[in-house]
Amino acid sequence: MNNFTPIEGLIGGLMIGGAATLLVLFNGRIAGIAGIYRGLLEMGAEWGKRASFVVGLLLGPVLLSALGGHVPKVEVSNNWLVLILAGLFVGYGASLGNGCTSGHGVCGLARGSVRSLLATLCFMVVAVTVVLITRHLGDQ
339 MNNFTPIEGL
349 IGGLMIGGAA
359 TLLVLFNGRI
369 AGIAGIYRGL
379 LEMGAEWGKR
389 ASFVVGLLLG
399 PVLLSALGGH
409 VPKVEVSNNW
419 LVLILAGLFV
429 GYGASLGNGC
439 TSGHGVCGLA
449 RGSVRSLLAT
459 LCFMVVAVTV
469 VLITRHLGDQ
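What follows is the structure, encoded as C-alpha cells:
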C-alpha cells in the first residue's frame, strides 16, 4: 500500500470499462487481452484491429508520461528462469480458464457470468498466494 492512488485507480478503471464497453458495442467483441493477442500471433482475421489494440496498450503509459502524468515505476525480475516460468504459467492459466483477467474479470463479471466469477476468484487466490510466497515467505 505504499503507492495507494484511489483517484488514479478510479479513472483507470473507468477508462478500461469504457474501452471494453466501446469494443463490445461497436465490434461485438470481448476485450480479452489473451484472445486479442492470440489472434495477433496467428495472423488471423482482424489482424489490424488487434494490432492497434495491443499498440494502444503499449503506448498508453508513454503518452501519459509525455503529457506530464505520473507513470509508476514497475520493477520486473531480472531472473530469466522466473520470467519464463511466469509467462508459461500465465499463458497456460489463460488457456485453461478459456480467458484472462480482462476477459473474465472486466467483461465477464459485467455480463453477470458465473463462469467468469469463478475464474476471477481463482485468479485472485493464485495472485494472493504468489505474492505471499514471493514477497513474504521467500525472504526467510
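Here the sequence shown stands for residues 339 to 478, where the numbers follow my numbering. Just so it is clear, CB atoms sit at the ideal spot from N, CA and C, and this is done for glycine as well. Computed from a predicted structure; not experimentally measured.
Fewer than three beta-carbon pairs drawn from the segment 436 to 452 and the segment 381 to 396 are found closer than 8 Å, and the two stretches are therefore not classed as touching. In the structure shown, Arg367 falls within a coil segment according to DSSP collapsed to helix, strand and coil. Around Glu384, the same chain offers Gly377 as residues with beta carbons nearer than 8 Å, after the five sequence neighbours per side are excluded. The count of Cβ pairs closer than 8 Å, one atom from the segment 429 to 449 and one from the segment 364 to 376, reaches three, so the stretches are in contact. C-alpha of Ile471 to C-alpha of Phe364: approximately 42 Å in a straight line.
Within a 10 Å sphere around the beta-carbon of Val444 sit 16 or more other beta-carbons, which makes this residue buried. Judged by DSSP secondary structure, Lys411 falls outside any alpha helix (DSSP H); it is assigned neither H nor E.
Using a 10 angstroms sphere on the CB of Thr458, the tally of other CB atoms reaches 16 or more, which defines it as buried.
DSSP places Ala383 in the coil class of the three-state scheme, outside both helix and strand. DSSP places Thr343 in no alpha helix (DSSP H); its state is neither H nor E.
The beta carbons of Val409 and Ser403 sit about 5 Å from each other, so the pair counts as a contact at 8 Å.
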